[in-house]
Structure formats: C-alpha cells, structure tokens
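**Q**
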Amino acid sequence: MNVQEYIESGIIESYVMGLASEPERAEFERLCALNPELLAARRKFEERLEGYASENAVIPPPEVKVKVLEAIGKPDSRAEIASIPPTIVTMRNDKEEPREKGTAGTPFILRLLAAASIVLFLAMGYLYYQTKQENKDLTDTNDRLKTSLDTTKNVLDRIVKEQADVVSNPNVTVVNMVGTTVAPKSSANIYWDSASSNVYLVVKNMPKLPSDKQYQLWALIDSKPKDLGVFDATDSKVILQMKNTQKAQAFAITIQQKGGSPSPDLQKLQSMGKTLQNQ
Amino acid sequence: MLALKERNDQAFGFLYDNYAGALYSIIKQIITDNSELASDVLQEVFINIWRKIETYDSTKGRLFTWMLNIARNASIDMLRSKSYQNSQKNQELPDNVYKGVANQTVLQNVDNIGLKKVLEKLKPEHRILVELAYFKGFTHEEIAEMMVIPLGTVKTRIRNALIQLREYLK
Chain Y
1 MNVQEYIESG IIESYVMGLA SEPERAEFER LCALNPELLA ARRKFEERLE GYASENAVIP
61 PPEVKVKVLE AIGKPDSRAE IASIPPTIVT MRNDKEEPRE KGTAGTPFIL RLLAAASIVL
121 FLAMGYLYYQ TKQENKDLTD TNDRLKTSLD TTKNVLDRIV KEQADVVSNP NVTVVNMVGT
181 TVAPKSSANI YWDSASSNVY LVVKNMPKLP SDKQYQLWAL IDSKPKDLGV FDATDSKVIL
241 QMKNTQKAQA FAITIQQKGG SPSPDLQKLQ SMGKTLQNQ
Chain F
280 MLALKERNDQ AFGFLYDNYA GALYSIIKQI ITDNSELASD VLQEVFINIW RKIETYDSTK
340 GRLFTWMLNI ARNASIDMLR SKSYQNSQKN QELPDNVYKG VANQTVLQNV DNIGLKKVLE
400 KLKPEHRILV ELAYFKGFTH EEIAEMMVIP LGTVKTRIRN ALIQLREYLK
C-alpha cells in the first residue's frame, strides 16, 4: 500500500475525529504502529485540531469546575478507586510494598476529606458535650426555680387564705392608719376582730429603718398605750398577726429600738388610726 | 500523565483549566440551543475523564483527541436523550426526524463557532455531510438513507470534506 495515498484518503481525519468505522480504525491503528510516517501525519493533524480547538475555546460557567471537583471527591469516585488494582489500594504490612504508593494512590481530596471528617467529628463531640452540659445546667436551674415557685405558691396560698379569713369575717373592723406630719407617706391597715380580739396588720408603705430600729404597734385604750408587738418595713404586703386586744380607741405606730419598748416614744409617732369604739 | 493516571487531583485541576474551554466549545457546537445542558455535559465529560483515565492509550492518539471524542460522544448522546428531546419545544415527528435534522442543518448558519466556522468554507453538499456525521453523530448509512445518495458517495464526500477541513485548520 502506498502510504502517501493512504494518508491522502482522509483516513487520518476520519480516525482522529471519530468518524472512521470499526474495521477502518483497526486497520489504521495497525498501520500506524508499523509506519512512522503515518504516525507523524496523524500527530500533525491532532496537534492542528487541538490548536484550533484551543483558539476557539468557549469559557464554561465557573460552577462546572466546582461540581466536577465535588463529584470526583465523593463516594462514587471512592468506589471507583476501590476497583483499581489492589497493589495500590490494599494496605499491606510487608515492608516490600513501597510506602509512597499507598499515599500517592490516595487522592489529595480524599485525604482532605478524611482530615475534614476528623475535625468535624471532634467538633461534633465538643458540641455534644457542651450541649449536654448546658442541658444539665438548664435542668438544674429549672429544678431550683420549680422549688422556689412551689415555696412561693405555698406562702401565697397561706396569705390569700388568711386574708380571706380576715377580710370576710363580719366582726373585723378595718382601721386605716394614715401618716403623721413626721412621716406623711407611712400607711398601714389594721384588721381588728372584736370578737376574738385578734389584731392583724398589713403594712402598705412604711419607710425602711436602720437595722437597730423597729416599728411598734400600740393600741390606745383610754389614752393609755398598750404594746401590740413589733414589725419591720420589710414585712410589707404580708398580713401580720399582732398581739390581741379587746379594747382600742385608736392604733398607733412608733419607731422604737429593736425589740420594742414598754412605752411608746410618741415623738416618733409614724402613723395613727382611730377606731369607732367609744372611749 | 502519570500523575493523572494515579488520580492526582491537582493534575486533574490543571487538565480542566487547560481543556475545559476547548471541550465546552465542541459541546456547544453540538448542543447549540441549550447552554445549561451543554454545561451539564461538560461536567459529565470531566467526571468520565477522571474515571476512565487509565483506559487512555497514548499509542492511539493524543490525550486531547481522546477527550475530544469523549466530549463529542457525550454531546451526541445528550442530543438523542429523552430529556433533550423533551426540552425541544418544536419536536419533529419520528418519521420526519432525518428530514428535520437536515433542514435544521441548512438553516443553522448563523452564530457558528469553532469547527463550524471552518465548515462554512466547504461546499454545501460537503458541509451538510460533515455536519450530520460529526455534529449530529449519524452513521454514514443513516446519512445515505436520509439524503438519498449512495453510501459510497457519502463516504467519499465526507473524506474529501475532512481533507479540506485539514487544510483550513492550518
């Protein structure tokens, strides 16, 4: 066969561009292996085609590269790697196996993924621990709040009950204590049960006192004061049971030394309220 | 090349950067009307290159030739796939497919890129044959049937067209 004629037949172009039939391809490959001239002509056309294609390149959308690199780094390609000859993949203990082969066979992306997995695992572990810890703290706080709420609720129930008992009792006289010129803002209510002689005090607004002082409640019976007990400004809004008295034309509150005193210091009269009881 | 066969992904990134444009160009010359599908094909082509790299035989041709044929085959497969056919709004009836493709080919002279620019320089009867064979992936037999010309004539004309093409690539 005349090589020049064969070349001029267009077989090279057909072959390179993938248009040759299977028998034509087989023949061409066989002849190429035997004939350097044919091989050189094929190479020349390939280079020309490649050069032309490169000159006429169209820039693809940048996300394609990202997707390709993602795809080849994923399980699909890992499965693919597992199928390449075991000399590269199989981890052997015998030392004749060159070590670098193993590492070179592992793509950078897989090593990167492995490293990333470890980092992720550690991060997850830390997050898990942290979340668990936070959860425990929250549970503890919740328990404490619940206990506190229960206590508060009990106290409140008791107060409401006592208050209801006192207020709804028809024998109870309400005495509104108003502030004196010394303490115009001071105010409190006395609930006085004339039947049982029980005296209850509700502090509405009493200024705070130094720690060595206390308020003292007095009943004024025939202009004589009778001690009904001491209380603090901090007892505000709570119903306090004081000492009993059968009689009282008025109630008065003074400031005394802590613990109270047998007779009132009327200079420090804070609040006073008259009952409807006749003298 | 060795680095590629060992699936070194840096070498692969280099390969992509160097050849994606040229391959995308050939894909777009085949899938002319849908850039989204064309870039899907490019993606598939590079994934296939990565997976099949060890089957590349350098005695049979340059790496670019091998990749170019993968790209061309993948594009033609896409052209014939159901998803592509469904994406075409004015589908020809099956009986008229050949005629439809032939008409389309004659009309499609605007916006030609790459090798198609070279095809412009060929005689129309040559151009159509190369277009059908190379860019539409029809076999010589199919072309002979649809153009109603003898198979031998198809072969000769295509060969002659390719020889001219070679001259224009200089």
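These protein sequence lines are chains Y and F, in that order. The numbering of the first sequence is the working numbering, which starts it at 1 and goes up by one. The numbering of the second sequence is the working numbering, which starts it at 280 and goes up by one. Positions of the beta carbon are idealized from the N, C-alpha and C atoms, including for glycine.
Which of the three DSSP states, helix, strand or coil, is assigned to Y:Ile190?
**A** strand
**Q** Return yes when the Cβ of Y:Gln270 is within less than 9 Å of the Cβ of Y:Ala183, no when it is not.
**A** yes
**Q** Indicate whether at least one CB of chain F lies closer than 9 Å to the CB of Y:Arg92.
**A** Summary for Y:Arg92: the model assigns pLDDT 45, below 50, so the residue's position carries little reliability; its value from the coordinates is reported in the next sentence. It does not: the Cβ of Y:Arg92 has no partner Cβ on chain F nearer than 9 Å.
**Q** Return the Cβ separation of Y:Leu266 and Y:Thr254 in integer angstroms, given the expectation that the two are a contact with Cβ distance under 8 Å.
**A** 7 Å
**Q** State yes or no: is the beta carbon of Y:Leu122 nearer than 9 Å to at least one beta carbon in chain F?
**A** no
**Q** Whole-angstrom Cβ separation of Y:Gly260 and Y:Val175, contact assumed at under 8 Å?
**A** Actually they do not touch by this definition, with Cβ atoms about 20 Å apart.
**Q** Name the DSSP bridge partner or partners of F:Leu430?
**A** F:Leu430 pairs with nothing; no bridge assigned.
**Q** When you compare the CB of Y:Ile11 with every CB in chain F, is at least one pair closer than 9 Å?
**A** At a cut-off of 9 Å, the C-beta of Y:Ile11 has a neighbouring C-beta in chain F.
**Q** F:Ala353 CB to nearest chain Y CB: under 9 Å?
**A** For F:Ala353, not one C-beta of chain Y is nearer than 9 Å to its own C-beta.
**Q** Here's the rule I'm using: 16 or more other beta-carbon atoms within 10 Å means buried, otherwise exposed. How should F:Arg438 be labelled?
**A** buried
**Q** If you draw a straight line from the C-alpha of Y:Val66 to the C-alpha of F:Ile310, how long is it?
**A** 22 Å
**Q** Under 9 Å, do Y:Gln256 and Y:Lys268 count as touching if we go by C-beta distance?
**A** yes
**Q** Assign Y:Asp227 to one of three DSSP states: helix, strand, or coil.
**A** strand
**Q** Residues of chain Y with CB closer than 7 Å to the CB of F:Ile305, please, in chain order.
**A** Ala53
**Q** Could you check the C-alpha separation between F:Asn388 and Y:Glu29 for me, to the nearest Å?
**A** Here the model assigns F:Asn388 a pLDDT of 43, short of 50, so the residue's position is not dependable and the matter cannot be decided.
**Q** Could you confirm whether any beta carbon from chain F is found closer than 9 Å to the beta carbon of Y:Ser14?
**A** yes
**Q** Counting only beta-carbon separations shorter than 9 Å, does F:Thr432 have a partner in chain Y?
**A** no
**Q** Please classify Y:Val68 as buried or exposed, where buried requires at least 16 neighbouring CB atoms within 10 angstroms.
**A** Label assigned to Y:Val68: buried.
**Q** Answer with yes or no whether the minimum CB distance from F:Ala381 to chain Y is below 9 Å.
**A** Note that F:Ala381 scores a pLDDT of 48, beneath 50, so its modelled location is shaky and nothing firm can be said.
**Q** Alpha carbon to alpha carbon, what distance is there between Y:Leu38 and F:Leu398?
**A** 25 Å
**Q** Buried or exposed: which applies to Y:Asn13, given that a residue is buried once 16 or more other Cβ atoms fall within 10 Å of its Cβ?
**A** According to the sequence as given, residue 13 of chain Y is Glu; it is not Asn. Buried.
**Q** Identify each residue in the region 285-299 of chain F for which the Cβ-Cβ distance to at least one residue of chain Y is less than 9 Å, and report them in chain order.
**A** The residues in question are Glu285, Arg286, Asn287, Asp288, Gln289, Phe291, Gly292, Tyr295, Asp296, Asn297, Tyr298, Ala299.
**Q** Would you mind giving the Cβ-Cβ distance between Y:Asn189 and Y:Val202, rounded to the nearest angstrom? I have them listed as a contact below 8 Å.
**A** The pair is a contact, with the Cβ atoms about 5 Å apart (cut-off 8 Å).
**Q** List the whole-angstrom C-beta distance separating Y:Pro225 from Y:Ser186, where the pair is believed to meet the contact cut-off of C-beta under 8 Å.
**A** Wrong, their Cβ atoms sit about 18 Å apart, outside the cutoff.
**Q** I want to verify the contact list: residues of chain F whose CB lies under 8 Å from the CB of Y:Pro36, in sequence order.
**A** Going along chain F, no residue has its Cβ under 8 Å from Y:Pro36, so there is no contact; the nearest lies around 13 Å.
**Q** Residues of chain F with CB closer than 7 Å to the CB of Y:Val68, please, in chain order.
**A** Tyr295, Gln322, Phe325, Ile326
**Q** Can you tell me where the beta strand (DSSP E) with Y:Leu220 in it begins and where it stops?
**A** 213-221
**Q** At least one CB of chain Y closer than 9 Å to the CB of F:Lys339: is that the case?
**A** Yes, its Cβ sits closer than 9 Å to a Cβ of chain Y.
**Q** Which residues share a DSSP beta bridge with Y:Leu269?
**A** Y:Thr254
**Q** Look at the Cβ atom of F:Tyr295, then the Cβ atom of F:Phe325, and state whether they are nearer than 9 Å.
**A** yes
**Q** CA-CA distance, Y:Val166 and Y:Ser197?
**A** 12 Å
**Q** What residues in its chain sit with their C-beta under 6 Å from that of Y:Gln246, if we drop five residues either side in the sequence?
**A** Ser197
**Q** From which residue to which residue does the alpha helix (DSSP H) around F:Ile310 run?
**A** Taken as a continuous stretch (DSSP letters only), F:Ile310 belongs to no alpha helix (DSSP H), as it is neither H nor E.
**Q** Compare the C-beta of Y:Val119 with all C-beta atoms of chain F and state if any pair is closer than 9 Å.
**A** no
**Q** At the level of alpha carbons, what is the spacing between F:Lys339 and Y:Ile72?
**A** 26 Å
**Q** Please classify Y:Gln133: does DSSP put it in a helix, a strand, or coil?
**A** helix
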